[in-house]
């Protein structure tokens, strides 16, 4: 237990962050110039951290696997970004935002961190506005807000359905400013393949130049991971096809504890899989459920065209099961209900893995024009992808992996259990508990990068002001590089018969079926075995064409999939350990009589932080008790 | 469905490339174009050949990573979409499809269909930002912005930096990209302060990188997956002249 | 100032300004040519003489000639840069739907240069004394030229090409000068279309009438 010191400042909740800022150690400007920081990732967390640290005077090295930092997957966030501005005068406040997040997270997040994120949310909006992010405005010239994700206030700032893109481009612009000043050096098309630890401290990384295949060494006084989540473990997800947790995973294997890995959010409304070669699933905004009615045929295998199925043969299962909330039940409930129907054989489409989202009644009632005004662009996107018009026939939707609440364990200062290694944004675990609320991801990730890390990292670097530039010609770097090269060599020399993607697809299927929307002990144990076998098969039969010293996309994918087998093992381990249901984690053994999630606060009100003890060795569990002093712990109910 | 693919294959930046023809019968109308290429790659890998390298990431039309020249069109024959949103149902069974990388001096080929678009980053680095430090921003409501200007700024700012405009332009000009960025900031009060330096620096960098000159053909606008208008180019010109005169 | 002329946008500005200047001159020239339709050579010759001797016009003439040269030169420089900007061409021809005429400005421009060289040899260089001819009777020279069928055909062809050139040039110049507006640009485009058809047609009709009147 000695490992888990969350370093939460004492004092009242609302004063903790102020107190921390007032008392933390500082690095003077002259010394900042002598210090280097590596930031891996250029999404909202990485780009904001890199630019903020550059502005402070640190020398930043920023890495991304894409061809340019502007493509990081934050770009795809649609709905919006929350802040407790209370511009609508509807009673919002920092506390209320904090309360909603802790409750939404089903009481599995850390109070102090969540409160701080809510606290800096307003600064984030101010900063983005100053950077020229074109949030929606009203005719008075003020920023507009909408209500999102079933909360009682309108606190979501948005830029049409492209809020993530606009915020990311804002962060990218501030990153560019620091690049132009020489304070940030950008390394794109680089993938971090190893963390270098010297005397117990994170001091550098090993990267592969994805164009030349060259293995490179980079050193710094501190390393920041802003590398996102692990949702692509399901292969099909709403994430970018190259999103991956490998960088965080390397850190985990080097000693950083990984927290709550089984907490993965499944989004209920994505366009279902259309063919076997599909590489990703596209999200359709949650807002569609305001007017669309979800149904499947009452008879198994009813192959009639949906428009020809009469009312009496339709099963509006959400309305049937949840008469009070109907189609507007929370994400996790809607997802599980869709899975239940499809598993029972009532699913539509050729695959049977889809349900109808029907706008017929809404169009009849409100007119086509009204529906077009609300969802026009979404309908268009749906038609572009599927070739059918939601005005004419029901949309087909199915749940898809979306966001991972779990991640590297960090303390209040966002530092992992490896000194000098920080994790920010989706790559850490701290703010969303067991379930994330809509529009709070952009808020958290920007807050981490712009307003939190720049303060907390100084507290660590204050000890390093006399440490000269870290040389890379040391044994630690030699060893790390050798490890990387050996692994790549091993991968490419397998020369088996199956493609990397086929393995990823199979792994995804195992995880989706056994560690997806609902889990049980037997299924998880089976999955553990299947993943183990698949991993062995992979290391014996994967086919990676091409060479090491060239642009080799199969090799890149192979490294990530190889890590995913291990991530899967940890996810399953955590899901097995947590025999309660909470948030997105649904253990079938822990449900109420009417099939709802049943939390077990007496035994599981803790963060499960896992320590890697070696290849195929038992994981070691560290528990961080969650203490709620400022919020009453209740049963999350929507009835 | 069967297609005859003529794809540009080039091992690396310095090697000489060539078109290679693949008779591929593993396509189906519900696939996206990139999924069809994925499927082709699977067959190539299983034969021990090198798969066709191409950039793609989000596969939902927003990251701007994908992009290739398909049968004479950047992103294929359907207007207003990225390559990842192009569906195979727009192609006929047995059709020949010619696939080429973006062609421009400023976008050198890296491998096969992958090009280096760092030139766009360099243009942005030259001045595509508002100089404000973290912590120094006033309250977001301190400066109201006219709604129609904010909406126009949004229409400009949705550029995804994919390079379609350069690929489509007969002169390989980057004016639509640059103008979208300049416009976004020019329309905001907070962006006006350094508007002159910004437009001059961005144009200078654009010229140095070897993009062609705009001749107002409108090909960029016709092919832009985000439907960005050449009105932005006119605005860029105005911004530039006023920056030069003052 | 040198950087002003140097950047791509500035060069285009110069193209547009001189292009518009030439567009205006074309209208003046058309007005002048109308005198050719008169049976009396006096008005045309007087006008030609006025153009040749008036000091203000002299100044304009230098500007005009400079305008021609710069418009041509800049156009060629821009085009060469554009060719360099895409060293490897696409195998498949571009299919993007754009204005047909906008694609061939350098070629239509080139044909117009050839026409102008011949035109200058016939008239303008005579006036300058570089080529032998009757300074006092441009009217007669014009009428005489248009009796030659080959010349007429070349003349008509040149104005057809000029029409193509103007079709894109007119609205393009406004766009380059930053004058693009949702409500006004359609009008500008319409005027440009009218201009590009009517003005070259005017020249052509005069030439045809002259041919048949002789």
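Residue numbers (the numbering used here), protein chains in the order written: chain H, 1 to 639; chain B, 640 to 885; chain G, 886 to 1099.
Note that beta-carbon positions come from the ideal geometry of N, C-alpha and C, so glycine has one too.
The structure presented is a predicted model; accordingly, all values stated were derived computationally and were not measured.
Asked, Found
"Nearest-angstrom Cα separation, counted from residue 838 of chain B out to residue 1076 of chain G", "31 Å"
"N-terminal and C-terminal residue of the beta strand (DSSP E) that residue 198 of chain H is part of", "190-198"
"Three-state secondary structure (DSSP) of residue 578 of chain H", "coil"
"At least 3 beta-carbon pairs within less than 8 Å: the stretch 341-356 of chain H vs the stretch 279-288 of chain H", "no"
"Proximal residues, the stretch 755-775 of chain B versus chain H, C-beta separation under 9 Å", "755, 756, 757, 759, 760, 763, 764, 765, 766, 767, 768, 769, 770, 771, 772, 773, 774, 775"
"Alpha helix (DSSP H) runs wholly inside the stretch 429-487 of chain H, at least 4 long, in chain order", "441-446, 453-461"
"Extent of the continuous beta strand (DSSP E) run through residue 398 of chain H", "395-404"
"Classification of residue 888 of chain G by the beta-carbon crowding that lies within 10 angstroms, buried from 16 upward", "With a pLDDT of 48 at residue 888 of chain G, under the threshold of 50, the modelled position of that residue is not reliable, and the figure given next carries that caveat. Answer is exposed; the Cβ neighbour count stays below 16."
"Cα-Cα separation, residue 608 of chain H to residue 110 of chain H", "12 Å"
"Chain B contact for residue 937 of chain G (CB, 8 Å cutoff)", "no"
"Proximal residues, the stretch 781-811 of chain B versus chain H, C-beta separation under 7 Å", "783, 784, 785, 786, 789, 792, 793, 796, 797, 800"
"Terminal residues of the beta strand (DSSP E) in which residue 422 of chain H lies", "421-423"
"CB contact flag (residue 461 of chain H, residue 252 of chain H, <8 Å)", "no"
"Meets three-Cβ-pair contact criterion under 8 Å: the stretch 439-449 of chain H and the stretch 417-428 of chain H", "yes"
"C-beta neighbour in chain G for residue 846 of chain B, strict 8 Å", "yes"
"Local conformation of residue 257 of chain H per DSSP, three classes", "coil"
"Beta-carbon gap between residue 932 of chain G and residue 917 of chain G smaller than 8 Å", "yes"
"Beta-carbon proximity check, residue 890 of chain B vs residue 247 of chain H, cutoff 8 Å", "Chain B is shown from 640 up to 885; residue 890 of chain B falls before or after that span and cannot be answered."
"Interface positions of the stretch 693-718 of chain B facing chain G (Cβ-Cβ less than 8 Å), listed along the chain", "708, 710, 711, 712, 713, 716"
"Neighbouring residues, chain H, relative to residue 778 of chain B (Cβ below 7 Å)", "126"
"Alpha carbon of residue 853 of chain B to alpha carbon of residue 920 of chain G, nearest angstrom", "40 Å"
"Inter-residue spacing [alpha-carbon to alpha-carbon] between residue 745 of chain B and residue 804 of chain B", "13 Å"
"Within chain B, partners of residue 992 of chain G - CB distance below 9 Å", "The contacting residues do not exist; residue 992 of chain G stays about 12 Å from chain B at best."
"Cutoff 8 Å: residue 855 of chain B Cβ touching any chain G Cβ", "yes"
"Extent of the continuous alpha helix (DSSP H) run through residue 898 of chain G", "893-919"
"Candidates G:948, G:938, G:992, of which the one nearest residue 910 of chain G by Cα", "G:948"
"For residue 197 of chain H and residue 606 of chain H, the rounded distance between their alpha carbons", "29 Å"
"Beta-bridge partners of residue 739 of chain B, as assigned by DSSP", "B:708"
"Cβ-based neighbour list, residue 535 of chain H, same chain, cut-off 6 Å, excluding 5 preceding and 5 following", "565"
"Among H:372, H:121, H:312, H:21, the one whose alpha carbon lies nearest that of residue 288 of chain H", "H:372"
"Proximal chain B residues relative to residue 981 of chain G, where beta-carbon distance stays under 7 Å", "712, 807, 858, 861, 862"
"Cβ pair residue 271 of chain H, residue 386 of chain H closer than 8 Å", "yes"
"At least three beta-carbon pairs within less than 8 Å, the stretch 146-166 of chain H to the stretch 477-490 of chain H", "no"
"Any chain G beta carbon closer than 8 Å to residue 824 of chain B", "no"
"Chain B within 8 Å of residue 1098 of chain G, Cβ atoms only", "no"
"Test: residue 651 of chain B CB closer than 8 Å to a CB of chain G", "no"
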